[in-house]
Amino acid sequence: MSQQAFHHALLDPARPVPDGLTDGAGHPAGRRYAVYRNNVAVSLTEALITGFPACAALLGADNMSRIAGRFLRQHPPASPLMIHWGAAFPAFLDGLDGLGRLPFLSDVARLELALRRAYHAADATPVAPNALLSIPEDRLGLARLRLAPSVQIVKSRWPVAEIRAFALGLGAAPTSGAQEIAVLRPDYDPEPHVLPPQGHAFLAALQANMPLGAAVTQCGPGFDPAPCLALLLGHGAITEILTCPG
Amino acid sequence: MHSFTTLPAAPGVGYKPQHYAEILAGAGPIGWLEIHAENYMGDGGRPLAQLRALAERFPISVHGVGLSIGGEGRLDAEHLARLKHLVGWLNPASFSEHLAWSTHDSAFLNDLLPLPYTNATLDRVVAHVDEVQDTLGRQMLLENPSSYLAFSESTWDEPDFLREIARRTGCGLLLDVNNVFVSATNLGFTPQAYIDGFALDQVGEIHLGGHDEDEDDHGAPLLIDSHGREVADPVWALLSHTLVRSGPKPLLIEWDTDVPAWPVLAEEARRAEEALARLAVAA
């Protein structure tokens, strides 16, 4: 029997158990085959719950299982690295009907994905927290700040950092509105930090290697980069400052 | 970094991050650790930092769960390259994988799926083991699976099939005695006879784990290899039967779901230590 046949029936319980499988005494395998079906569905569902614990808490166990069952069939892992599986989950949630009570769910998933990416990102040595002070003011605008590989940014119409914390029992019920978030990992534990308005655009520009002055300017008049820079420096999120243009 | 080139004939455990501090504070009878390769293929962060620290103190066994050595398609070249990188910097005492498949049409199913024991499967597995050993530049161990069903097209017994793979590739074998007990119960053969037919001189490591009990459509016992509880008494007995014939081997306790507090796992390792000690007294 081909692995194709074994595989197709694994992911589709409506298909019959493939021929040629027995219980060792010549009887058809029957529900013995279902052990494999169950192993695949349960292990992938558990991997999704591990990767998206706040989404799982918001949905409840039954809904999460049902949604995971659809997701794992449409988007099975494309590699054996389960630590990376689920990148398509936020967009998948966007496409689901019936999540009217949880319109923020896909953004919570984006935040959880950002936290996981930060957790597994490469290590990097940060610059000193006062490193920007040593740059002459007239050269600051052309300086380029390299951010740590673990830095992730998320932007949502919803207070997703608060929603996630509430769902996990780590914080009070959400009260604020839209949130721009940086996930920072000073040592090994990534944490979400709420940015001031335009902070997401500012960090995105720095990640795209834009000089500091231009990154500030594209955030619009009145944008003050100081709080974002203090946050980044204070959490070891800047790894290099390049002051030599060109 | 120390160089731990072989696994000692002592108890080891499958490493879980929640036990990190306790293992470093005093590992009791633990002489080595096993990791699942795929959990240490990120770019950095805590998993790799912990692994570097543990490798300073313990011989490490790298156990792959995603290579799909029995797969009908080609081995995943990217994944093989990731294994080569991990094994390259870590220089573990052992690398092992499974007689199973888990990937089809580039979809990874996160389970160890069964193979028919035919000449065609044999040729394919031998070619894949050759490719792994050539790429990694080292011998690997191949593990016997737990089975819930059999293929009517099979023409080989599992011990003979594994012996033949080892003979043709020069690979070693990883003998999971819980898997033997689970498969023997599920397929109706005698586990002691399986052990007696196994190429014990090729065994570089023995696995022990817990299983769950269920029933098939006809009310026959159906054991599930869950790795979620203590090793069952008949499996300890089968281990003793094995060790008398094989001599002392590195013994691993696997506990992957509902992972217990460290003292529970350490107690399982102590039982494994006792099994080795009884062997020394008998000798």
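Taken in order, these protein sequences are the chains called A and B.
The first sequence begins at 454 in our numbering and counts up by one.
The second sequence begins at 202 in our numbering and counts up by one.
Using N, Cα and C, we set each Cβ at its ideal position, and we do this for glycine too.
Small disclaimer: the values here were computed from a predicted structure and weren't measured.
Can you tell me whether Q499 (chain B) is buried or exposed? The criterion is at least 16 other CB atoms within 10 Å of its CB, across all chains shown. The question about residue 499 (chain B) has no answer, for chain B in this structure spans 202 to 484.
How far does the beta strand (DSSP E) with P645 (chain A) in it extend, from its first residue to its last? For P645 (chain A), the enclosing beta strand (DSSP E) starts and ends at E644 to L648.
Is the number of C-beta pairs between the segment 563-583 of chain A and the segment 523-530 of chain A that are closer than 8 Å three or more? no
At what residue ranges does the segment 525-605 of chain A contain a whole run of the beta strand (DSSP E), taking only runs of 3 or more? 597-600
Say whether chain B places a C-beta atom closer than 8 Å to the C-beta of P664 (chain A). no
Please decide whether M202 (chain B) counts as near chain A, where near means a Cβ-Cβ distance under 8 Å. Unreliable positioning characterises M202 (chain B) in this predicted model, as indicated by a pLDDT of 47, which lies under 50. The coordinate reading is nonetheless provided below. Chain A, which has no Cβ nearer than 8 Å to the Cβ of M202 (chain B), makes this no.
Are any of the Cβ atoms in chain B nearer than 8 Å to that of G535 (chain A)? It is worth fixing the name first, because residue 535 (chain A) is Met in this sequence and not Gly. For M535 (chain A), the answer is yes, since a Cβ of chain B falls inside 8 Å of its Cβ.
What does P645 (chain A) touch in chain B if you count any residue whose Cβ is under 8 Å from its own? Here the premise fails: no neighbours, minimum Cβ distance about 16 Å.
Can you pull out the residues from the segment 309-341 of chain B whose beta carbon lies closer than 8 Å to at least one beta carbon of chain A? Answer in chain order: F309, L310, N311, D312, L314, P315 and P317.
Kindly provide the ranges of any alpha helix (DSSP H) runs that are 4 or more residues long and lie completely inside the segment 386-410 of chain B, ordered along the chain. Within the segment 386-410 of chain B, the complete alpha helix (DSSP H) runs of at least 4 residues are 392-397.
Reference L585 (chain A); option with closest CA among A:L566, A:Q671, A:D472 and A:T696: A:T696
Taking 8 Å as the CB-CB cut-off, is G539 (chain A) touching chain B? Proximity of G539 (chain A) to chain B, defined by a Cβ-Cβ separation below 8 Å, is not satisfied.
Beta carbon of G398 (chain B) nearer than 8 Å to that of A478 (chain A): no
If you measure between the beta carbons of M341 (chain B) and F296 (chain B), is that distance less than 8 Å? yes
Does DSSP put V415 (chain A) in a helix, in a strand, or in coil? Lying outside 454 to 699, the shown extent of chain A, residue 415 (chain A) is not represented and no answer is given.
Separation of G289 (chain B) from S262 (chain B), as counted between CA atoms: 13 Å
Where P680 (chain A) falls, given that 16 or more other Cβ within 10 Å makes a residue buried: exposed
Note down, in chain order, all residues in the segment 380-414 of chain B with a beta-carbon under 8 Å from any beta-carbon belonging to chain A. Going along the segment 380-414 of chain B in chain order, one finds N387, L388, G389 and F390 with a Cβ nearer than 8 Å to chain A.
Between which two residues does the beta strand (DSSP E) holding I694 (chain A) run? I691 to L695
Would you say R247 (chain B) lies against chain A (beta-carbon separation less than 8 Å)? Output row for R247 (chain B): interface = yes.
Quick check on E468 (chain B) - is its C-beta less than 8 Å from some C-beta in chain A? So no, E468 (chain B) is outside the interface.
Listing by chain order, which chain C residues have their CB less than 7 Å from the CB of A575 (chain A)? Protein chains in the displayed structure are A and B, and chain C is not among them.
Output, in sequence order along the chain, the residues in the segment 591-609 of chain A whose CB is closer than 8 Å to any CB in chain B. P602 and S603
So with Cβ pairs under 8 Å, would you call L474 (chain A) a contact of chain B? yes
Roughly how many whole angstroms lie between the Cα atoms of K217 (chain B) and L466 (chain B)? 11 Å
Output the distance between the C-alpha atoms of H159 (chain B) and I236 (chain B), rounded to the nearest integer angstrom. Because residue 159 (chain B) is not part of the residues shown, which for chain B are 202 to 484, the question remains open.
Measuring CA to CA, which of B:A301, B:S269, B:R339 and B:H305 is closest to N380 (chain B)? B:A301
From D642 (chain A) to V607 (chain A), what does the alpha carbon distance come to, in whole angstroms? Approximately 17 Å between the Cα atoms of the pair.
Alpha carbon of H419 (chain B) to alpha carbon of A400 (chain B), nearest angstrom: 34 Å
Whether N311 (chain B) touches V493 (chain A) by CB criterion (8 Å): yes
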